[in-house]
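Single-structure report; data block below.
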Amino acid sequence: MGTIKAENISFTYPAEEGKKRSLVLDGVSFEIEKGSFTAILGHNGSGKSTLAKHFNCLLIPDTGKMEVFGIDTKDEDRVIDIRKRIGLVFQNPDNQIVANVVEEDVAFGPENLGYPSEEIRKRVDQALKTVGMEKFAIHAPHLLSGGQKQRIAIAGVLAMEPECIVFDEATAMLDPEGRRDTMKIIRYLKKEFGTTIVLITHHMDEAAQADRVIVLDSGKIVMDGAPREVFAQVEKIRSLGLDVPAGTSIIYELERAGVDIPIENLTVEECADAIYNALA
Amino acid sequence: MKSAPGQEKSGQKGMKKLDPILEIVDLTHTYSQGTPFEHVAVYNINLKVYKGEYLAIIGRTGSGKSTLIQHLNGLISPTQGKILLNGQDINESKETLRQTRFKVGLVFQYPEYQLFEETVYDDVAFGPKNMGLDKEEIDRRVRESLEIVGLGQEYYKASPFDLSGGQKRRAAIAGVMAMEPEVLILDEPTAGLDPEGCREIVENIRNYRERTGATIITVTHDMAEAASNADRLCVMGNGKIALLGTPEEVFARADEIEELGLDLPEVTKIMILLKRKGLDVPTEVYKIDDAVSALLKLKGGRNGA
Amino acid sequence: MLKDITLGQYFPGDTVIHRLDPRTKLVMTIVYMVALFTAKDIISYGVVMAGLAAVIVVSNTKLKMLLKGLKPIVIVLAFTGILNILYAPGEHVIAHFWVFTITLEGIKTAILMMLRITMLIMGTSILTYTTSPIALTDGMERLMGPLKKIKVPVHEISMIMSIALRFIPTLIEETDKIMNAQRARGADFDSGNLIQRAKAMLPILVPLFISAFRRADELAIAMESRCYHGGEGRTRMKVLKYKRRDIITFILGIAYLTAVIVLRKIGL
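For the protein sequence lines, the chains are D, R and B, in the order given.
Following my numbering, the numbering of the first sequence begins with 38 at its first residue and continues without gaps.
Following my numbering, the numbering of the second sequence begins with 1399 at its first residue and continues without gaps.
Following my numbering, the numbering of the third sequence begins with 419 at its first residue and continues without gaps.
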């Protein structure tokens, strides 16, 4: 059974005065497998954050059907059932931290779910350990760096022990170090707990680490496949206002100049190997 | 090679590019001095910024780069040392400080959060108005700077809050450009934008530089972006200048950059790996085109041999 | 700078006072206030002051910090003092000029009134100095619990308070940033008359409000995503439990208040 299943969903925000309503999501269908790591790419305004809000009932599709863990998101009685199993981490770490002590913030989710106090304590300690912030348990969050705050936000979601975590541009406001730490945690969660990961981003190097890339444009899915297949279509990616990793660009240019080289390479190491094999 | 000003003095005219516009002399800044929170943000910095150059300051969060740039237009005053603008100490009097604010434009991180007027036009006019310019001059400047950032007349009467994220950012940058500063400083101007949005901002900055001949200083942690735009890179670590020079000079010292916790551009990383594998390629390359032509040359050389 | 504002500041520590249940501290603060306003003459004031001094010593609070907290009310203090000296009636006239009569009783009343205000601020400051904001709101929520029966939204009030406390530093930092950004555009906040200054605040207030609303919006979404659905069925990680030290404190508190009431009855 898929973790997330969208069947032809469309969505429009309520019209503001004097403005045209436009479809933000326009007939989107896909299925995300349990334990998979999917990246959703798209330029600003392509509908990717709107889509993320459909995953945990923050938004309900106008038409079509959204199922999460086999539960229809329209079913109002089961909203909490869905939300405790699928966690969302947002862009601005400052605006998702509720409490002024780190551990109190991490406890917020399990407290809402009504777990007994010892159980919450256990989960909070475990979550802080997973993100490597146990030393900061009784610190004030506003004194931490952006990357550290985002780790606290992730811990807050982890404490609910979700099966799936959606990162909605969670690295966009972070410095390279914060981004690296976040990606490291994502890989760890997938490997260690088999957590299903959905990563919404416009950093190509992050998307390249996923098992699958879905590209959205004007509310429609325009590309869907393994990262190496998607990024091999350099021109199409660029025409969508996105970019490919620098290594892929080099290989693409070499190929255009007549070098016999396979373009399905993403990481720095893969690209170096491919270039070496083609030239040496 | 690009202009790599190494010379200390240049009395001659015609060598305008080598005249320093900003000089940072023995600058040290300590926050919360005399309290238990005392913290030295920048320590004994000496740096000359030359007229018309594009300088990129790179460093991790907390390396002191934000503190440094806020000194350059007098928002923070030095604990020790001084800042000279065209040879004059900017902190000398209230008037020099005021003039500095107009001559050295500072665009903060996420500048869209400073928009406040009812229309885009009025917001961009805020800076020039504060300078006490007359109406026609203000109008000219607003129009020009909005043109530089690619916001046409149809946006003049729009509310800045109705613009898209990228447009808001550009309107806010235009607000500083309209003051026509001789030195334009931008703190992380592309942070949080998608690739298209980044390209547009980079293009706007280049545009402003070409039109006005202004000196540009950007602060970033993105090595690749810094290298492909700037004449010189200034890499900071622990409140000090760690490396200073052209991108080629800086990237030739890859180990030191990685020690400072910074990422080399992907292109440079690939070239270093190729070199290690035994290919005879330059490792200080950082642009895709340069890497491709170096590799093609290598191939051509082999085929010819 | 704005960062120097120390609203409801908390200084972490590990004394008995710090470890007391926040409810105990809240109730004791009220007991202290009642005692302070019951005290009538020098001896009862002395008893109240002795209690305050004991708490200051035990909680390891720096006298300097307490005095700093008095700064904002110096004018109120001075005003109270002068008013009492000039107007309080009495028999032992010391000086007489124009329409004013200064009496011995007047001076005594003035001193006691000023002492009362000073001690009031100091006592309540110790509560915030030794209790984390979250413990404080938690304690208040629990103490006000019975009010839920008469439909007072106790949980909501305490949630609003703790979120406000959480965002005060963030918004102060943001205000600083916006001020700097507008200063860089030549804005002047320091000169001009009152109206000009008020107008100069607009470029700060508009972005600040917009940002605060955006933050509120995003925070609400994040809270919902973390299964927040009001106070119903919500548990807490840290459950408040009265310990032996709380019971001892309550006994001491009752004794303290009784002593002051008795002293008042016998006119001391």
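For glycine and all other residues, C-beta sits at the position ideal for the given N, C-alpha and C.
Small disclaimer: the values here were computed from a predicted structure and weren't measured.
Taking Cβ-Cβ distances shorter than 7 Å, what residues in chain D pair up with residue i?
i, result
"residue 1664/R", "282, 283, 284, 305"
"residue 550/B", "138"
"residue 1704/R", "The requested residue 1704/R is not part of the displayed model; chain R covers only 1399 to 1703."
Identify the contact partners of residue i in chain R, using a Cβ-Cβ distance below 9 Å as the criterion.
i, result
"residue 614/B", "Correct list: empty, because the minimum Cβ distance to chain R is about 12 Å."
"residue 81/D", "1562, 1563, 1564, 1591, 1592, 1594, 1595"
"residue 16/D", "In the structure displayed, chain D extends from 38 to 317; residue 16/D sits before or after that span and is not available."
State yes or no: is the beta carbon of residue i nearer than 8 Å to at least one beta carbon in chain R?
i, result
"residue 600/B", "yes"
"residue 296/D", "yes"
"residue 590/B", "no"
"residue 210/D", "yes"
"residue 628/B", "yes"
"residue 51/D", "no"
If the cut is a Cβ gap below 8 Å, which residues of chain B does residue i touch?
i, result
"residue 1679/R", "Within 8 Å Cβ-Cβ: nothing; residue 1679/R doesn't reach chain B, min ~44 Å."
For a contact defined as C-beta to C-beta under 7 Å, what are the partners of residue i on chain B?
i, result
"residue 1525/R", "603, 604"
"residue 173/D", "Within chain B, no residue comes near residue 173/D; the closest Cβ sits about 14 Å away, beyond 7 Å."
Does the beta carbon of residue i come closer than 8 Å to any beta carbon on chain B?
i, result
"residue 141/D", "yes"
"residue 1470/R", "no"
"residue 1397/R", "Since the first and last residues shown for chain R are 1399 and 1703, residue 1397/R lies out of range."
"residue 1512/R", "yes"
"residue 1581/R", "no"
"residue 1568/R", "no"
Which same chain residues end up closer than 8 Å to residue i when comparing Cβ atoms and leaving out the 5 residues on each side of it in sequence?
i, result
"residue 168/D", "188, 189, 191, 192, 195, 222"
"residue 216/D", "184, 208, 240, 243"
"residue 1594/R", "1564"
"residue 481/B", "474"
Leaving aside the five residues before and after residue i along the sequence, list all residues of the same chain whose C-beta is less than 7 Å from its C-beta, in chain order.
i, result
"residue 1522/R", "1540, 1543, 1544, 1569, 1572, 1573, 1576"
"residue 1692/R", "1679, 1680, 1683"
"residue 664/B", "438, 439, 442"
"residue 1475/R", "1489"
"residue 510/B", "521, 522, 523"
"residue 677/B", "465"
"residue 115/D", "108"
"residue 539/B", "487, 488, 491"
"residue 1418/R", "1446, 1447, 1448"
Less than 6 Å between C-beta atoms, sequence neighbours within five positions excluded: which residues of the same chain meet that for residue i?
i, result
"residue 86/D", "205"
"residue 460/B", "none"
"residue 1501/R", "1579, 1580"
Of all Cβ atoms in chain D, is any one closer than 8 Å to the Cβ of residue i?
i, result
"residue 372/B", "No answer is possible for residue 372/B: it lies beyond the span of chain B, which begins at 419 and ends at 686."
"residue 1594/R", "yes"
"residue 1635/R", "no"
"residue 1344/R", "As displayed, chain R neither begins before 1399 nor continues past 1703, which places residue 1344/R out of reach and without an answer."
"residue 587/B", "yes"
"residue 1661/R", "yes"
"residue 653/B", "yes"
My assumption, with CB atoms under 8 Å, is that residue i sits in contact with residue j. Please give the rounded CB distance.
i, j, result
"residue 280/D", "residue 241/D", "6 Å"
"residue 145/D", "residue 644/B", "6 Å"
"residue 274/D", "residue 65/D", "With a Cβ gap of about 19 Å, residue 274/D and residue 65/D do not count as contacting."
"residue 303/D", "residue 265/D", "6 Å"
"residue 1457/R", "residue 1633/R", "6 Å"
"residue 531/B", "residue 467/B", "Their Cβ separation, rounded to whole angstroms, is 14 Å, which puts residue 531/B and residue 467/B out of contact at 8 Å."
"residue 1495/R", "residue 1472/R", "5 Å"
Using a cut-off of 7 Å between C-beta atoms, extract the partners of residue i located in chain R.
i, result
"residue 595/B", "1506"
"residue 620/B", "1514"
"residue 625/B", "1511, 1512, 1513, 1514"
Is it right to say residue i is buried, meaning 16 or more other beta carbons lie within 10 angstroms of its own, or is it exposed?
i, result
"residue 184/D", "buried"
"residue 51/D", "exposed"
"residue 1454/R", "buried"
"residue 475/B", "exposed"
"residue 1515/R", "buried"
"residue 48/D", "buried"
"residue 605/B", "buried"
Under 8 Å Cβ-Cβ, which residues of chain D neighbour residue i?
i, result
"residue 1689/R", "287"
"residue 1668/R", "283, 284, 287, 305, 308, 309, 312"
"residue 1622/R", "283"
If the cut is a Cβ gap below 9 Å, which residues of chain D does residue i touch?
i, result
"residue 1492/R", "Per Cβ cutoff of 9 Å: no residues; residue 1492/R is ~33 Å from chain D at best."
Would the beta-carbon of residue i be found less than 7 Å away from any heavy atom of the ligand HEM?
i, result
"residue 1580/R", "Of ligands this structure carries none, so the ligand HEM is not represented either."
Interface residues of the segment 558 to 583 of chain B facing chain A [CB-CB below 7 Å]: Here chain A cannot be found, since the structure's protein chains are D, R and B.
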